[in-house]
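Taking this note's numbering, I'd label the letters of the sequence shown as residues 40 to 746.
Even glycine gets a Cβ: it sits at the ideal position worked out from N, Cα and C.
Okay, structure first, notes after.
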Amino acid sequence: MKTLNSLQAENERLHTQLHRIQQKLDNSKYVFDQIIDFSSQLGVATELKDVYRSSLHLFKNLLDLDFTTLFLVNPDQQSCTICDTIGFSKSLIGSFTVQKGLGLPGRVLQSQQLETVEDFQTEVRFSVPDVIRENNITSAIAAPMIHNAKVFGVLIGHTKKKRLFAEEQKSLARIFANQSATTIKNATHIQSLFLSEKQLQQKTDEFETIFENSMAGIMLLRGGRILARCNQRLADFMGYDTPVEMVGLGMRKFHLSEQRFKEFGQRYYERLVSGEQIQVEYQLRKKDGQPLWCLMSGKAIDHSSPPDLLKGVVWVVDDISERKHMEEQLLNGQKMESIAVLAGGLAHDFNNIITAILGNLSLSMATMDVEDPGYSYLAPARDASLRAKDLTRKLLTFSRGGAPIRTLASLVEIIEDSVDFALSGSAVKVQYEFEDGLWAARIDPVQISQVMQNLIMNSKQAMPEGGNITIHCSNFSQEINTRELKKGNYLKITISDTGHGIPSDVIDKIFDPYFTTQNFDSVKGSGLGLALVHSIIKRHDGVISVVSSVGNGTTFTLYLTAAGESESIKDEPEELVLKDGKGRILIMDDDETVRDVVRQMLVFRGYDVEETVDGEGSIALYQANMNAGTPFDMVIMDLTIPGGMGGREAAREVLKIDGDAKIVVSSGYLDDPVMANFEEYGFIASVKKPFEFAELGEMIRSVMMDS
């Protein structure tokens, strides 16, 4: 009986033990399943915050904890900081840091061993933070999160009730902490890859946006200098409808010649291979064969050393044709300015020479009888001198388009003379239509003559086989102010031809300086002519317009301001009739030949004459004669005195001495603003070099009579 009881007791013991083992196995299987499920769920997680939170939840459930906290080691490896927690305040996340060796997480970080606390009330190994007491926490378990033999973080669980953690629980904490470390590391790597892919896609999208919307053309060249890709901007200014048309074309297609293609490669290959960024201004060939100035910036896309050019070279191409056009205009303008300075100096010297020649000729002719045999020799010389005078004026007007020297004039004679000269020897016929009673105009006759000659030459060249030009001139009154024409009286001139006409895409540019018209027969050879015409009319406060179409001829319309009603054209002086004068005149001129001929003219006319070579001498002589009671009745001053005081400054000083002084300005610089607006500078009149005997005498008599 005793043996039976013993066997029964042993059986119950074994059954109980087996039940306990089964419970442990079931519990271990549950834990294992939970960890496997945790790993499988988080193995593909990309958001770290989700991995942190899932780790803490499972750790809390597995060990029946009240609080769970995840510390991650900082980059300095000397501290760790809370990255997530369940139970504690969220304000601790990212802000609660523990140094290595301090506190429970610090001890684990230092020892790399699991630590437990049975009761924080009796803990003496480290100082207990206030947050533990504030949350009535009694016990804790802390396991190191080890990955690749290094502590990655610390996983801590807290309980409010006192707890003595069993070895199985400690072992479970170690396993779970290490598994969490691996899972978090994997998630970190996945998130990094995901972010990299996302950033790459973002950069790709940004590049595509920049590529397609860039104001510059972009092209990618690959092996053999073949265009692999380009944007719409490049296609636009190269004359192609879409980039697809250009893809696959070799760069030979875009160079102006085979030679230039080879030279470009020879010049820049080595520099590209060296990794240098190339920047060059270069002419490419458009689809229609026309050259296009471009600013090209290129660099190999391979960052190896040396780069493999077969992988590609990116070129950024900007259309700089407009800038080049402006630079050409500026260069031409500078050339013209240089010509203007040279022409001005030459014209001044030439006018002084012609003044001496023309003055002596006219003086000689004035003293001779027209029947005198010598008179017939002098007259042609005088005519030649007058043509030289006009030539000088034209040179100045062409080179600089200076301010007009206005006089009251009739347009009829100017128009007829200019047109007849321009059409000399031509098959073109002209018809004049001048209204009766045309108003006079205050204009520069030479400049307006040049306007007419340019317009007529333009029409003549549009009719190489001959044709008809009709010139109509009439009075015109503008009743109201408009943008084109102010209210007032004008002389309206229309010049119509039966030529080829001007294309619509050209007509708006014909007045632009340096616009080339060589490809259009209707305006062939006009060069600076039409730009100069526009400049002269504008300087006369006038308006010019053009109407034309291919095959229907061209009509230019000019409006020139009419003179006032009280102004009338005076008869030309009787050039060779002697009229004596009386008075004292001071001449200031640096050229001895000019002083000599002017003195002879004036003495011959009966005037008392004295001479000076510069402004300082004129001022001193004028003051001396004022003091002596023999003042001058008139002073004729040269505007420009090289190396000395000129007429402008001298006149100002003389007027300080004598406010009633009658000072006339004389110059061969006909485009100087002082000559055009002499009254603004204190002068009473102007006389343009070269001048004749009668012209000078008439000016003096006019000034004297007005006085």
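Assuming the contact rule is C-beta atoms closer than 8 Å, residue i and residue j should be a hit. Round their C-beta distance to whole Å, please.
i      : j      : result
ARG481 : LEU447 : 5 Å
SER360 : LEU331 : 6 Å
HIS387 : TYR720 : About 18 Å separates the two Cβ atoms, so there is no contact after all.
ALA220 : GLY192 : 6 Å
LEU266 : LEU288 : 5 Å
LEU203 : GLU162 : With 8 Å as the limit, LEU203 and GLU162 do not qualify as a contact, their Cβ atoms being about 14 Å apart.
VAL190 : LEU141 : Not quite, the Cβ-Cβ distance comes to about 15 Å (not below 8 Å), so this is no contact.
SER705 : VAL726 : 5 Å
ILE534 : SER587 : That belief does not hold up - the Cβ atoms of ILE534 and SER587 are roughly 12 Å apart, past 8 Å.
ILE487 : CYS512 : Rounded, the Cβ-Cβ distance is 12 Å, inconsistent with contact.
ASP479 : ALA663 : Going by the sequence as given, residue 479 is Ala instead of Asp. The pair is not a contact, with the Cβ atoms about 44 Å apart (cut-off 8 Å).
ASN514 : GLU474 : 6 Å
VAL693 : ILE723 : Not a contact, Cβ separation roughly 12 Å.
GLU251 : ASN270 : 6 Å
From this set, the options, which residue's C-alpha is nearest residue i's C-alpha?
i      : options                        : result
ARG164 : GLY145, GLU173, VAL704, ASP547 : GLY145
GLU734 : GLY398, GLN149, GLY192         : GLY398
ARG268 : PHE276, ALA274, MET258         : MET258
ILE658 : ASP647, GLY683, LEU641, ARG638 : GLY683
PRO168 : VAL190, GLN138, GLN322         : GLN138
VAL319 : PHE303, LYS325, SER313, GLU309 : PHE303
ALA205 : ARG634, THR155, TYR307         : THR155
PHE460 : PHE473, MET491, LEU450, SER449 : MET491
GLN656 : VAL636, ILE675, LEU641, MET627 : The question names Gln, yet the displayed sequence has Gly at residue 656. Nearest of VAL636, ILE675, LEU641, MET627 to GLY656, Cα basis: MET627.
ILE519 : SER513, GLY527, CYS512         : GLY527
LEU260 : ASN664, GLY505, CYS122, LEU349 : LEU349
ALA715 : SER516, PRO484, LEU694, PRO412 : PRO484
SER336 : ALA255, ALA601, VAL545         : ALA255
GLU207 : THR120, THR248, LEU101         : LEU101
GLN470 : VAL451, ILE510, THR431         : ILE510
SER118 : THR431, SER128, ASP105, SER134 : SER134
SER166 : TYR321, ARG687, LEU143         : LEU143
Less than 9 Å between the C-beta atoms of residue i and residue j, yes or no?
i      : j      : result
ARG623 : ILE739 : no
PRO729 : ILE444 : no
ILE185 : ASN217 : yes
ARG421 : LEU400 : yes
VAL353 : ILE223 : no
MET290 : ALA274 : no
ASP15  : GLY685 : Missing from the structure shown is residue 15; the chain here goes from 40 to 746 and no further.
HIS96  : THR108 : no
PHE159 : THR136 : no
PHE98  : ALA212 : yes
THR594 : ASP536 : yes
ILE171 : LYS209 : no
GLN489 : SER457 : yes
VAL652 : ASP629 : yes
LEU569 : GLY581 : no
VAL636 : LEU417 : no
LEU494 : SER449 : no
GLY592 : GLY654 : no
PHE246 : LYS325 : no
TYR646 : ALA700 : no
MET404 : PHE671 : no
For the alpha helix (DSSP H) that residue i lies in, which residues bound it at each end?
i      : result
MET277 : 271-277
GLU455 : 450-461
ALA480 : No alpha helix (DSSP H) holds ALA480; the beta strand (DSSP E) holding it covers 480-482.
VAL90  : 87-101
PHE106 : Where PHE106 is concerned, there is no enclosing alpha helix (DSSP H), although the beta strand (DSSP E) it sits in stretches over 106-112.
HIS228 : 206-252
TYR308 : 297-312
SER657 : 654-667
Mind checking which residues open and close the beta strand (DSSP E) that includes residue i?
i      : result
LYS338 : 330-339
LEU194 : 189-198
ILE125 : 118-125
LEU153 : Note, LEU153: premise wrong, no beta strand (DSSP E); not H, not E.
TYR598 : 593-600
MET676 : 673-677
GLY256 : 256-261
VAL713 : Taken as a continuous stretch (DSSP letters only), VAL713 belongs to no beta strand (DSSP E), being part of the alpha helix (DSSP H) at 712-715.
If we define contact as Cβ-Cβ less than 9 Å, is residue i a contact residue for chain D?
i      : result
ASP459 : No chain D appears in the structure shown, which is made up of a single protein chain.
**Prompt:** Which full runs of the beta strand (DSSP E) of 3+ residues lie inside the region 366-408, going along the chain?
**Reply:** none
**Asked** Counting only runs that start and end within the region 473-528, where is the alpha helix (DSSP H) found for 4 or more residues in a row?
**Response** 484-500
**Prompt:** Hey, which unbroken runs of the alpha helix (DSSP H) at 4 residues or more fall wholly within the region 616-652?
**Reply:** 631-643
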